[in-house]
Amino acid sequence: MIRFWFLLMFFFVFISCADKKKYHVRNAESVMINSSEKLQSILEFQQKMNSSFKNPETSPLPDRYRKNFEGLDFFNADTTYRVEAKLVRTPDAIPFMMPTTTGEKSEEVVYGIAHFSLLGKTYELEIYQSSELRLQEEYMDYLFLPFLDDTNGEETYGGGRYIDLTIPKGDILVIDFNRAYNPYCAYNKKYSCPIVPRNNNLPLKVMAGVKNFVPN
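Each residue of the sequence shown is one higher than the one before, starting from 845 at the first, in the numbering used here.
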């Protein structure tokens, strides 16, 4: 009788461990799939940017640069630089005039503050919304994230980079620095580009997104 109960207990313990193994394997496969999908999304973003730069109707490049253009220089896709930020909205923020590279100004408002962790440290960045664009149906959910980091002037454009965002339904805002791109004035001085506010300076090297442009 004792032997019977011992065998019965062993059977249930074996089944329990087997189930846990299957559970962990399924989770690992899920993580791999999600990571693969994120990397694919980054590569698609890069391909889309290159196509836009090759197209004479959408490219900011002068003709002399575009005819030999083969593709932008990107950092390697790295999901480490894709973060989930806590968005603290600032509904009482007063609109201000953001200066541009040509001396013009655009009316912006701080839509919220994004709090996030990156490479083991915590940071915060201001997220902006254009007073003019939000009146247009196409851009009513558009948010603008310009930022500076320690790669500027070396690996990346000296004036900083931009990321396009969309208003989230909740308070979690996904910021993918792999989607950071240069302002058009980095390629052609005829463009008027917002100057990145000093509040949005990250004291680290963001090794993701578009690198500095060196014409062929």
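Don't be surprised by glycine CBs; every beta carbon is placed ideally from N, CA and C.
Contact between the segment 1036-1044 and the segment 900-916 is absent, with fewer than three C-beta pairs closer than 8 Å.
One Cα belongs to residue 972, the other to residue 1016, and the distance between them is close to 16 Å.
Residue 1059 has its alpha-carbon roughly 9 Å from the corresponding atom of residue 910. For the set 953, 1055, 1020, the Cα lying nearest the Cα of residue 922 is the one of 1020. Counting the other Cβ atoms within 10 Å of the Cβ of residue 942 gives 16 or more, which makes it buried.
Pairing residue 986 with residue 977 gives a Cβ-Cβ distance under 8 Å.
The beta carbon of residue 1012 sits closer than 8 Å to those of 931, 1018, all from its chain and outside the five residues before and after it, given in chain order. Judged by their CB atoms, residue 968 and residue 959 are nearer to each other than the 8 Å cut-off. Comparing C-alpha distances from residue 927 to each of 882, 936, 1004, 1038 shows the shortest one belongs to 882. In this structure, DSSP gives residue 923 a helical state, which the three-state scheme calls helix.
When DSSP states are grouped into helix, strand and coil, residue 973 belongs to the strand group.
Taking every protein chain shown into account, the CB of residue 974 has 16 or more other CB atoms within 10 angstroms, so this residue is buried.
Listed in chain order, the non-local C-beta contacts of residue 1010 below 6 Å within the same chain comprise 985, local neighbours out to five positions each way being set aside.
The DSSP assignment places 1005-1010, 1016-1020 as complete runs of the beta strand (DSSP E) inside the segment 990-1044, in order along the chain (cut-off: 3 residues). With 16 or more other Cβ atoms inside 10 Å of its own Cβ, residue 995 counts as buried.
The beta carbons of residue 1040 and residue 1024 sit about 12 Å from each other, so the pair does not count as a contact at 8 Å. Cβ neighbours of residue 949 within its own chain (closer than 8 Å, five residues either side excluded): 941, 942, 943.
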